[in-house]
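The block underneath contains the structure these notes are about, expressed in structure tokens.
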Ligand code: HEC
């Protein structure tokens with residue numbers, strides 16, 4: 069895996085527009101996907117009032133920056149069977165930027 073570039077949170081806010089169809093970062097607010105409030109460092113499948121896929125729940129992943137970086141390139145490769153249908157972000161810089169943004173949320 070390539071090293072993660074240094075992320076820029078302001079640019080990441082723009083990348084996050086692509087996630088907004090399904091996610092917000094407001095605590096407790098789930099859309100198609102679970103809230104991404106404080107996602108960095110959170111355990112996968114840990115939002116109590118969100119109905120996760122079994123694949124996500126059983127994955128046992130902690131959403132470290134490194135795991136998010138790999139996941140967001142190809143979510144269904146990192147967690148086969150996830151119901152996150154988002155195709156992924158091919159650009160490593162965009163992934164680093166959106167992670168930098170999520171750290172502020
Ligand atoms: C088409 C809707 C959709 C889009 C767009 C989308 N997601 Fe998701 N996401 C989901 C769904 C649905 C889940 C729940 C997955 C499951 O239970 O298998 C999820 C789960 C996640 C998780 C795991 C959360 C947890 O609590 O385990 C992360 C992290 C995540 N998404 C980040 C992102 C980011 C960052 C983006 C934008 C780059 C994005 N998603 C775009 C639908 C989407």
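Numbering (our numbering), first residue to last: 69 to 173. For every residue, glycine included, the Cβ atom is placed at its ideal position computed from N, Cα and C.
Out of 128, 172, 168, the CA that lies nearest to the CA of residue 76 is found in 168. Cβ contact annotation for residue 132 (same chain, cutoff 6 Å, sequence separation greater than five): none. Under DSSP, the beta-bridge partners assigned to residue 111 are 130.
Annotation for residue 82: the continuous alpha helix (DSSP H) segment containing it runs 77-83. Per DSSP, residue 73 lies in no alpha helix (DSSP H) and is assigned neither H nor E.
Between the alpha carbons of residue 87 and residue 154 lies a gap of roughly 8 Å. A distance below 8 Å between beta-carbons, with the five flanking residues on each side excluded, links residue 125 to the following residues of its chain, in chain order: 112, 113. Shortest gap from the CB of residue 82 to any heavy atom of the ligand HEC: 8 Å or more.
Short of 6 Å from the beta carbon of residue 162, and not among the five residues preceding or following it, lie these beta carbons of its own chain, in chain order: 83.
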